[in-house]
Amino acid sequence: IYHKNESFSFDDALGGSFGGKTIAMGDQIIVVFKLDESFLAKLTEGKHTLSVESEKFPNIEIGFELTKNSMNQKFAP
20 IYHKNESFSF DDALGGSFGG KTIAMGDQII VVFKLDESFL AKLTEGKHTL SVESEKFPNI
80 EIGFELTKNS MNQKFAP
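For the numbering used here, count along the sequence shown from 1 and bump the result up by 19.
As structure tokens, then:
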């Protein structure tokens, strides 16, 4: 998890590391998921749904769409 050039793990966030921090309207919070090669091979152009299940936080379902311009991008926080 990235917010204002600071990085946090899910454990940090669940443990209260965001406590006292202001998240303003328009701020960007970036969540990065590490995916294995077999999953990445299934990602083609078009709409997808990623379901994240964990004992640490409620299940999350993320909808996204990939285009030629949004595929194979490098992440630089």
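Note that CB positions come from ideal geometry on N, CA and C, so glycine has one too.
Task: DSSP-derived helix/strand/coil call for Glu25 - done: Walking along the sequence shown from the start, residue 25 turns up at place 6. In the structure shown, Glu25 sits in a strand (DSSP, three-state: E or B).
- [ ] Take Lys66 and list the residues in its own chain whose beta-carbon comes closer than 6 Å to its own, dropping the five residues that flank it on each side.
- [x] As a position in the sequence shown, residue 66 is number 47, starting the count at 1. Here the set comprises Glu84.
Open item on the list: If I follow the unbroken alpha helix (DSSP H) through Leu62, where does it start and stop?
Closed with: On the sequence shown, residue 62 is found 43 positions in, with the first residue counted as 1. DSSP places Leu62 in no alpha helix (DSSP H); its state is neither H nor E.
TODO: Over the uninterrupted beta strand (DSSP E) stretch that includes Ile81, give me the two end residues.
DONE: Residue 81 sits at position 62 when you count from the first residue of the sequence shown. Where Ile81 is concerned, the enclosing beta strand (DSSP E) stretches over 79-85.
Open item on the list: Taking the alpha-carbon of Ile79 as reference, which of Thr41, Leu69, Lys87 has the nearest alpha-carbon?
Closed with: Along the sequence shown, read from residue 1 onward, the residue named residue 79 stands at position 60. Nearest option by C-alpha distance: Leu69.
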